[in-house]
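Chemist: Heads up, the sequence shown is in numbering that gives the first Met the number 0, so the first residue is 0 and it goes up one at a time.
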Amino acid sequence: MPHCIAVNAGTKWVRMYDVRSPLEPVLAVGAHTKQIQAISMGHNSEYLLAAASEDGLLNLWDVRISRGKPLAGCLFFPGVIPNFIQWSKFSSNLIATSFTGKSEIEFHDVSSRIRMYDVLEVGPDIPKAVPRYQLTLPCSVSSFDFHPKRPDKLLVLTADSRVHLKTIHKSVPISVSCYDSVAFSSEAAFRETDVVEDVVNVIVNRVKAGYCLNAAENCRLFSAESSYSDSSLYRVWDFLMLACSDVSGEMVGFSVTDSIAANTLSTSVAWNELVYFSSLRRLEALHFLGWCDVTTPDEIDKLVRTFEEKLEFEMAAAIAVFHLDLPRAIASLRASAKLTKRSDLSLVCLAFSGFTTSSSADHRKLWASTAKDTSSTIHPYLRAAIAFLSAIDGNPDFSRVLEDNDVFFQDRLAFACRFLNDTELSLFLETKSQFHVQHGDLNGLICSGLSSSCVPVLKSFLDRTGDIQTVAIICAMVAADQEAEWLNECINVYRNVLDRWRLWSFRAKFDIARGSFQRSSVAVGGHISAACRHCRQSLALCDFPTQRSSGRLYRTQISVAPISASSRLRVQGCLSCKKPLPRCSICLISLDCASSAPQRWQQNAVDVQTLRGTANLLDKWLSWCVVCHHSAHAEHLEKWFQSHTVCPVMGCGCRCNQYNNDISSG
0 MPHCIAVNAG TKWVRMYDVR SPLEPVLAVG AHTKQIQAIS MGHNSEYLLA AASEDGLLNL
60 WDVRISRGKP LAGCLFFPGV IPNFIQWSKF SSNLIATSFT GKSEIEFHDV SSRIRMYDVL
120 EVGPDIPKAV PRYQLTLPCS VSSFDFHPKR PDKLLVLTAD SRVHLKTIHK SVPISVSCYD
180 SVAFSSEAAF RETDVVEDVV NVIVNRVKAG YCLNAAENCR LFSAESSYSD SSLYRVWDFL
240 MLACSDVSGE MVGFSVTDSI AANTLSTSVA WNELVYFSSL RRLEALHFLG WCDVTTPDEI
300 DKLVRTFEEK LEFEMAAAIA VFHLDLPRAI ASLRASAKLT KRSDLSLVCL AFSGFTTSSS
360 ADHRKLWAST AKDTSSTIHP YLRAAIAFLS AIDGNPDFSR VLEDNDVFFQ DRLAFACRFL
420 NDTELSLFLE TKSQFHVQHG DLNGLICSGL SSSCVPVLKS FLDRTGDIQT VAIICAMVAA
480 DQEAEWLNEC INVYRNVLDR WRLWSFRAKF DIARGSFQRS SVAVGGHISA ACRHCRQSLA
540 LCDFPTQRSS GRLYRTQISV APISASSRLR VQGCLSCKKP LPRCSICLIS LDCASSAPQR
600 WQQNAVDVQT LRGTANLLDK WLSWCVVCHH SAHAEHLEKW FQSHTVCPVM GCGCRCNQYN
660 NDISSG
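(1) As a quick exercise: from T376, V454, L388, R219, pick the residue whose alpha carbon is nearest that of F354.
(2) Let's see if you can read the secondary structure: which residues bound the beta strand (DSSP E) around Q437?
(3) How should S225 be labelled, buried or exposed, when 16 other C-beta atoms within 10 angstroms of its C-beta is the threshold for buried?
(4) When burial is assigned at 16 or more other CB atoms within 10 Å of the CB, is P81 buried or exposed?
(5) I'd like to know whether the C-beta atoms of C291 and E298 end up nearer to each other than 7 Å.
(6) Strictly by DSSP, which residues pair up with V626?
(7) Using the beta-carbon count (16 or more within 10 Å), is S368 buried or exposed?
(8) Cβ-heavy atom distance between I80 and the ligand MN below 6 Å?
(9) Take every Cβ of the segment 426 to 439, pair it with every Cβ of the segment 448 to 461, and state whether three or more of those distances are shorter than 8 Å.
(10) Can you find at least 3 beta carbon pairs, one from the segment 195 to 212 and one from the segment 395 to 408, that sit closer than 8 Å?
(11) Below 6 Å CB to CB, which residues in the same chain sit around T99 once its five sequence neighbours on both sides are set aside?
(12) What residue from G465, I467, I473, D466 has the CA that sits closest to S452's CA?
(13) Would you identify the three-state DSSP class for Q601, choosing helix, strand or coil?
(14) By Cβ distance below 7 Å, which residues in the same chain neighbour D108 in space, the five residues on each side in sequence not counted?
(15) Could you spell out the range, first to last residue, of the beta strand (DSSP E) harbouring L57?
(16) Using the Cβ count rule (16 or more neighbours within 10 Å means buried), how would you classify D629?
(17) So what does E103 bridge to, in DSSP terms?
(18) By DSSP, does M649 sit in helix, in strand, or in coil?
(19) Under a Cβ-count criterion, where at least 16 other Cβ atoms within 10 Å of its own Cβ denotes burial, should D498 be classed as buried or exposed?
(20) Can you give me the start and stop residues for the beta strand (DSSP E) that D17 sits inside?
(21) Under the assumption that L154 contacts I167 (Cβ atoms under 8 Å), give the Cβ distance between them as a whole number of angstroms.
(22) Please list, in chain order, all residues of the same chain as P150 whose beta carbon is under 6 Å from its beta carbon, the five residues on each side excluded.
(23) Which of the three DSSP states, helix, strand or coil, is assigned to W500?
(24) Going by other Cβ atoms of all chains shown within 10 Å of its Cβ, with 16 needed for buried, is V175 buried or exposed?
(25) Let me check understanding here. Comparing Cα to Cα, which of V171, A328, G55, A214 lies closest to E311?
(26) Tell me which same chain residues have a C-beta within less than 8 Å of the C-beta of V162, skipping the five on either side of it?
(27) Between L552 and L621, what straight-line distance do the alpha-carbon atoms span, to the nearest angstrom?
(28) Can you find the residues in the same chain that come closer than 8 Å, C-beta to C-beta, to D456, ignoring five residues on each side of it along the sequence?
(29) If you draw a straight line from the alpha carbon of A223 to that of C627, how long is it in whole angstroms?
(30) Under a Cβ-count criterion, where at least 16 other Cβ atoms within 10 Å of its own Cβ denotes burial, should V206 be classed as buried or exposed?
(31) DSSP three-state label for F276, please.
(32) Given this structure, state the Cα-to-Cα distance separating S594 from Q571, to the nearest angstrom.
(33) By DSSP, does N200 sit in helix, in strand, or in coil?
(34) Would you mind stating whether A51 and V13 have Cβ atoms separated by less than 7 Å?
(35) Tell me, please, which residues DSSP counts as bridged to T157.
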């Protein structure tokens, strides 16, 4: 309405005048029950009118249809009085409001209102209007207006007679796709970027990459060279691969915590000025963790060589030190320094060469302080080895080694099993077990082993990460010997997830791999049989109880004597619903079926007798088309399709033989 003007003279009414004929208003409405404080006409929609009153209600009208009564109440501001309202020049749904004595300007999107409140409904039950965003000024606002060319700028006049040019930092519209990408707009630009990959896509990508119950394959998948590199999962699967008892993949259900708790009596053994502890249970734990006895130099050399072959020279030297074989550590560092031309390895080799337990206490303190200064910039394992040698004293403190998170927990636990006394070792195991459960750290599996005691760690890990895939795979290894309900539930959830995502082949591979861990399971052979078209029950005799059935379905009973193909059992009807089998569509003689290995139908018979020669009677077998379901003797069908191309049943145009050839060629 370009020639009209809205007027409020401090009353409860809003009047609109046509400036071409200003004597009488073209519209006069009782806008509010209280005095009106501010009105505003829409910029983009000339028929929209907004008015705010001292009761905190802001009303909207469409002046084309409103006659004598406001259209509806839109926004409610309890406890404050709007003193100025303004429509956005760029959005017909955005309205800005300031309040008497307040320094804030609120911006509301009126199109987002789900319910429009009637004027008479104003009261405590009407919810307060929540702004889409808000702008705060230094003092109370007197007036404001939108910038005519910049939708994000606002010109504001405050009570101290100052004019402020403010930027409106409005929310950015965002759209997230199901493929882990997000799109958003910024003024005139449209941008798209990737977001953190969701655990669902992580699971799908991992299972397609071969994540399964093969620990060695999982190590390769999570190695540093792989696109799915994950150091924490790599260390877990590296340990689980070490825990394999044989090449078949059977896992050792050994628990370090339970083993140490079962036998805490250890023998202390002196080595120079150092004391280490040994017992049968400790040795079992050390072998389980990949370490060996300090009294077996050949085994120590073999262990160190495994690290050298993987070019992990720092770990090789540290493991040799922890096995009290300092000369072997020096030899490893010397060889690796020559091979890699690394000066830091030569420096540590020189430091190890200067260590001796036979020197004075002052000399050892000087060596320890010097080595400590150089250890801050070297490999964590070499740093741990220097900390261990520096702690050798009458009252050693190995906390710098045991609390170094850069050293794998597997090796720290083995270190504790060797150098901590019984009380300290039990406390260390208890503390670490609680930590792993609280933080969902799969390193807790190293303490608990693959037994039912690992369930708290797996539960916490699942709650923290949502990685049902890793949990289910580990549960499949544990559940081979354990009947914990939660373990089987995780496995079934993962199987159902794969089925819902149509990853049926991967779910089948998971089931097959899982079966290899079920040592007590009995292999079930494949079983396919014809089914009755009426009741859908199997027609195989071995699927029915050994009670003798009605004799009217048989032409020959099974005798105790050896059974031949000529005196075979003929079944011309379903043993469940008693409905007859269909007739041959060519010879019209009733079809029959016989099992190649039926059970005797005597009540007391427990053995199974095989029908000899049944396989040679292929021409008499019941055969049917999987498309039109018409049946006949196999021999008759073979002869029929030598001279015909369609089904022998009158009116059926199915090309049964052609369909069968397509399946065979596929």
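For every residue, glycine included, the Cβ atom is placed at its ideal position computed from N, Cα and C.
Modeler: The structure says:
(1) L388
(2) Per DSSP, Q437 belongs to no beta strand (DSSP E); it is in the alpha helix (DSSP H), 421 to 438.
(3) Here S225 is exposed: its Cβ has fewer than 16 other Cβ atoms, across all protein chains shown, within 10 Å.
(4) buried
(5) yes
(6) Paired residues: none, contrary to the question.
(7) exposed
(8) Among the components of this structure there are no ligands whatsoever, and the ligand MN is therefore not found.
(9) With a cut-off of 8 Å, the segment 448 to 461 and the segment 426 to 439 count as touching, because enough Cβ pairs lie within range.
(10) no
(11) I80, N82
(12) I473
(13) Because Q601 sits at a pLDDT of 41, beneath the cut-off of 50, its placement in the model cannot be relied upon, and the following sentence gives the value as read from the coordinates. Note: Q601 maps to coil in three-state DSSP.
(14) N92, L93, R131
(15) 56 to 61
(16) The displayed chain sequence assigns His, not Asp, to residue 629. Looking at its Cβ environment, which holds 16 or more other Cβ atoms inside 10 Å, H629 is buried.
(17) DSSP lists T135 as partners of E103.
(18) Collapsing the DSSP output to three states places M649 in coil.
(19) exposed
(20) 12 to 17
(21) That belief does not hold up - the Cβ atoms of L154 and I167 are roughly 11 Å apart, past 8 Å.
(22) Cβ neighbours of P150 beyond the five flanking positions: F89.
(23) coil
(24) Flag for V175 reads exposed.
(25) A328
(26) Excluding residues within five positions, the ones whose Cβ falls inside 8 Å are L154, V155, L156.
(27) Low confidence applies to L552: its pLDDT is 37, below 50, so where it sits in the model is not reliable, and the reading given next is rough at best. About 16 Å.
(28) According to the sequence shown, residue 456 is Val rather than Asp. Correct list, in chain order: H435, V436, G439, D440, L441, G443, L444, S447.
(29) 56 Å
(30) buried
(31) strand
(32) Caution is warranted here: a pLDDT of 48 is assigned to S594, below 50, making its placement in the model unreliable, and the coordinate value is therefore given only provisionally. In a straight line, the C-alpha of S594 is about 13 Å away from that of Q571.
(33) Correct three-state label for N200: helix.
(34) no
(35) V140
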